[in-house]
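According to this note's numbering, the sequence shown is numbered sequentially starting from 41. Note that the Cβ used here is the ideal one computed from N, Cα and C, for glycine as well. Quick caveat: nothing in here was measured; it's all calculated off a predicted structure. Here the structure is laid out as structure tokens; the discussion comes afterwards.
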Amino acid sequence: MALPFLPGNCHSKQLLKDKFHKSQHFDYSSDLPLLTGMEKPGIGGELLLGQKLKSKHSVYPRGATGGLPSWVAFDKQALCFEAYFQEEVPEAPNETYRIRKCKIYFYLEDDTMQVVEPEYKNSGIPQGTLIRRQRIPLPPPREDQCYNVFHFNLNQKMVLFSHAFTITNCDQFTRNFLTKCGVILNDPVSVPDDPYRSLRDKIEKSMSPLRPYERRDTLKQFLDHDREVLRFFCFWDDTKTMFGELRELVLHYFLADDTIAINEVIPPNSGRVTVSKFLSRSKLPKHVSNQLALPGEMTNRTVLNVLASTRQGDRYMLDSLKVGLQGITGAIQEEFYKDFDLTVGSELNVWGRKVIIADCDDFTKDYYRSKYGIEDFTPVQYKADVAPKPPRPVPPYNGFGSEEDSLSSCQRLLPKPPQKDLHKFMAYDRRGLESNVLKFYAKMVTTSQVDSDREFIISFYLSDDSISVFERSQKNSGVLGGMFLARGRVKKPGQELFKSELSEYFTARDLYVGATLCLNNRLFQLLDADEYTFNYLEQHAGQFPKADIGIILGKVRSIQEEKQREIRNFLSLSDPANTGFVTFESFRGLLVGMECGLSEHEVLVLCRAFVERKQSDVDVGLMLAVAQDFLKKKNFDQLPDMSRVFEYNDPNKTGRISVKEATTICKTFQLPVSDNLLTCLLHKFADGDQIDYNAFLAGINWLEHPAPPVMPDDTLKFDVNVRHDASGVKNIHYSSLLQAAFHSASNTADPKSTALA
Numbered sequence: 041m042a043l044p045f046l047p048g049n050c051h052s053k054q055l056l057k058d059k060f061h062k063s064q065h066f067d068y069s070s071d072l073p074l075l076t077g078m079e080k081p082g083i084g085g086e087l088l089l090g091q092k093l094k095s096k097h098s099v100y101p102r103g104a105t106g107g108l109p110s111w112v113a114f115d116k117q118a119l120c121f122e123a124y125f126q127e128e129v130p131e132a133p134n135e136t137y138r139i140r141k142c143k144i145y146f147y148l149e150d151d152t153m154q155v156v157e158p159e160y161k162n163s164g165i166p167q168g169t170l171i172r173r174q175r176i177p178l179p180p181p182r183e184d185q186c187y188n189v190f191h192f193n194l195n196q197k198m199v200l201f202s203h204a205f206t207i208t209n210c211d212q213f214t215r216n217f218l219t220k221c222g223v224i225l226n227d228p229v230s231v232p233d234d235p236y237r238s239l240r241d242k243i244e245k246s247m248s249p250l251r252p253y254e255r256r257d258t259l260k261q262f263l264d265h266d267r268e269v270l271r272f273f274c275f276w277d278d279t280k281t282m283f284g285e286l287r288e289l290v291l292h293y294f295l296a297d298d299t300i301a302i303n304e305v306i307p308p309n310s311g312r313v314t315v316s317k318f319l320s321r322s323k324l325p326k327h328v329s330n331q332l333a334l335p336g337e338m339t340n341r342t343v344l345n346v347l348a349s350t351r352q353g354d355r356y357m358l359d360s361l362k363v364g365l366q367g368i369t370g371a372i373q374e375e376f377y378k379d380f381d382l383t384v385g386s387e388l389n390v391w392g393r394k395v396i397i398a399d400c401d402d403f404t405k406d407y408y409r410s411k412y413g414i415e416d417f418t419p420v421q422y423k424a425d426v427a428p429k430p431p432r433p434v435p436p437y438n439g440f441g442s443e444e445d446s447l448s449s450c451q452r453l454l455p456k457p458p459q460k461d462l463h464k465f466m467a468y469d470r471r472g473l474e475s476n477v478l479k480f481y482a483k484m485v486t487t488s489q490v491d492s493d494r495e496f497i498i499s500f501y502l503s504d505d506s507i508s509v510f511e512r513s514q515k516n517s518g519v520l521g522g523m524f525l526a527r528g529r530v531k532k533p534g535q536e537l538f539k540s541e542l543s544e545y546f547t548a549r550d551l552y553v554g555a556t557l558c559l560n561n562r563l564f565q566l567l568d569a570d571e572y573t574f575n576y577l578e579q580h581a582g583q584f585p586k587a588d589i590g591i592i593l594g595k596v597r598s599i600q601e602e603k604q605r606e607i608r609n610f611l612s613l614s615d616p617a618n619t620g621f622v623t624f625e626s627f628r629g630l631l632v633g634m635e636c637g638l639s640e641h642e643v644l645v646l647c648r649a650f651v652e653r654k655q656s657d658v659d660v661g662l663m664l665a666v667a668q669d670f671l672k673k674k675n676f677d678q679l680p681d682m683s684r685v686f687e688y689n690d691p692n693k694t695g696r697i698s699v700k701e702a703t704t705i706c707k708t709f710q711l712p713v714s715d716n717l718l719t720c721l722l723h724k725f726a727d728g729d730q731i732d733y734n735a736f737l738a739g740i741n742w743l744e745h746p747a748p749p750v751m752p753d754d755t756l757k758f759d760v761n762v763r764h765d766a767s768g769v770k771n772i773h774y775s776s777l778l779q780a781a782f783h784s785a786s787n788t789a790d791p792k793s794t795a796l797a
């Protein structure tokens, strides 16, 4: 049994409906209330019972727009139709109607139309755009609709604002588009003749001369070759005349109008005036007559006869076929130089002067190569070989100022200070954590017991190759520490003081562990270097052969077979447990005793490549206590500011940033902690490449989380930034070293990767 048709017992269409607006049917126009939109839908935009809305725009077939809206698919596309309309001309004796041709443009993106009439010369009618671009309604009784693409066809009339236009033809794009839309096009029709236009054409035809004037159009040549100039290098041999000489010229040929301009190359100190114009820009004739032409003799046209009449004035006839007699009729043919006359090695008659073309530029060669197929551009040699300049010896150094400063006073009349290498300074200046300073630990080479115990730090600055020496202060030594040698470039010993050549200075390649330097008449032996120096030299091994592991292994491979066996036996005896490792001291003593030709620095680099690095297990609490002790002594209170900077560099608020960023922030705030201790602390709080900066800041906060006091011995463990010995290398993985050095024929792997394996 069916339920009664009552509310609640039937499916309601209004359950999922979310639009309940009512269409607006009333509006104001010129302050008058009007009823608009009789065909608007009902509530919520739904159609009323029996209502059908008519489309206001063209409905294109599926696939024509590719699923895009018409204003996107048909952007900047329009249909073009040729049409005409007949206009009555009242009260005119010569015409009763006029046929006016026009073009109708239909824009597919928004169904707008435009009617344009082409302009005719001396028509006397305002022409151009007859109907601006807009949507045009259909004639009554369908004025509520507008024209769309399906209202167009050939050989039919269209009423546009009470004007009847007849469509006669269309372009190919319009024909193809309408055919794809399913419109069957009619055959094109011709435009009827306009009586007044025919009369005007007949009058203009009768006014044109039977023999047209000779036309000389040079506009095309100007547009094609404007700003294109051929350049030739020429010379004029004027040595036969008194005080004559060889004159160098530069010839410019302008392709736009076939004119030539010649400039003279005036060398310095030649005694000539500075006017370099040899020939003004003009056409250059090939043959120059001894007599100048009379006025009116040189003309472009030939006049055959002239008739004088009192009624009609003077009348003349031009010779367009050029059949008149030369010299009698007034026209004289004259030849001028063209581009095909100008070739390398040819002679030009420049108003009686013999000019020879010696060479040309690359653009000229490409022009002749593409147009005339000329490939031979061998220049003409007209200059004698330039004599070599006499040597200009530099006077020896006089001892005043620097050598570079004295040399600059010899190079110019007004001395200038010597220029510094700014590019090198900018490339190797300090940038963040890259100091570009090589630091070595050295001692003085002397027989004095007091001086032999003195410790020095030698710094080499890569930005300007300068060297500074700093002496470490020692208690109860009797020697004051501090600056031993101020920063500056140091000359190599054994050079003559007063000489013409510049002295040689110490460079970065001269500094390595084991080298002996003579600084300030004192000998220093480099015993060790810091980690940054070793890493920099190894990273730039191409510039520092002493740090190139490939060259070092090549020296090791060149050891004799007997010494190789001795090395293997010694290493096997030094490792009775067969662990594959030996101590650095024993391995270094072996290489030095065998006299393998390796310097101390090369031995260190070789050991660093095959070293067993063990991380020392230091108590984190002890490191934090030492760090707090340093901060407390310096009264460092910028920890809140550091916390804000850490949070700023952590936009995702994860509480972690990279170790590199954390190191940069600590260096920026000048955290009074040694580099060794700071590096160890950051790695202790790091998980991979990320560091928990909240735990790190809480651990070094000596105000809120004070740590117990530390002993002076504990502080000295971390208050060191430069090594004084080779303690960085403990045990050597000699098995990998032997495999990389003595089995290179079968092993092509990187020795560092082999050591790590």
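In this structure, the beta-carbon distance from Q167 to L178 does not fall below 7 Å. Around the beta-carbon of A617, fewer than 16 other beta-carbon atoms lie within 10 Å, marking it exposed.
Per DSSP, reduced to three states, the secondary structure at C636 is coil, with no helix or strand assignment.
When rounded, the separation of the alpha-carbon atoms in G441 and Y501 is 23 Å. Here DSSP, grouped into helix, strand and coil, assigns Q583 to coil. Between the C-alpha atoms of D715 and S506 there is a straight-line separation of about 24 Å.
Contact check for I705 and M682: beta-carbon distance about 6 Å, within the 8 Å limit, so the pair qualifies. When the Cα atoms are used, L239 and G164 turn out to be separated by approximately 15 Å. The beta-carbon separation of I731 and L722, rounded to 6 Å, stays under the 8 Å limit for a contact. Going by beta carbons, F318 and L289 fall inside the 7 Å limit. Under the DSSP assignment, W276 falls in the beta strand (DSSP E) whose first and last residues are V269 to D277.
When DSSP states are grouped into helix, strand and coil, Y468 belongs to the helix group.
Between the segment 271 to 286 and the segment 392 to 400, the count of C-beta pairs closer than 8 Å reaches three or more; the two stretches touch.
P712 carries a coil assignment under DSSP once its states are collapsed to helix, strand and coil.
Its Cα nearest to that of E128, the residue I139 stands out among I139, N575 and P436. Cβ-Cβ separation between V155 and I171: approximately 4 Å, consistent with a contact (criterion under 8 Å). Your pair G85 and K59 checks out as a contact, with CB atoms roughly 6 Å apart and the cut at 8 Å. By a beta-carbon distance limit of 8 Å, T258 does not contact E122. Their separation comes to about 36 Å. Closest option to T486, judged by alpha-carbon separation, among P419, F496 and L563: L563. Taking C-alpha positions only, L644 is separated from M751 by approximately 34 Å. Apart from sequence neighbours up to five positions away, the residues of its chain that approach L630 with a beta-carbon distance below 6 Å are F610, ordered along the chain. Residue pairing by DSSP places I396 opposite F275 and E387 in a beta bridge. Beta-bridge annotation (DSSP): M523 is paired with F510.
S499 places its beta carbon less than 7 Å from that of V477. Listed as beta-bridge partners of M153 by DSSP are F146 and Q174. Judged by their CB atoms, T214 and L119 are nearer to each other than the 7 Å cut-off.
Contact check for E135 against Y236 passes: the beta carbons are separated by less than 7 Å. Going by beta carbons, K483 and Q565 fall inside the 7 Å limit. Secondary structure at S230: coil, using DSSP grouped into helix, strand and coil. In this structure, the beta-carbon distance from S612 to V622 does not fall below 7 Å.
Separation of E183 and L74 (C-alpha to C-alpha, rounded to the nearest whole angstrom) is 17 Å.
Between I302 and L291, the CB-CB gap stays under 7 Å.
In this structure, DSSP gives K245 a helical state, which the three-state scheme calls helix.
Around the beta carbon of Y552, 16 or more other beta carbons lie within 10 angstroms, which makes this residue buried.
In the structure shown, the three-state DSSP call for G85 is helix. In the DSSP assignment, L563 forms a beta bridge with C558.
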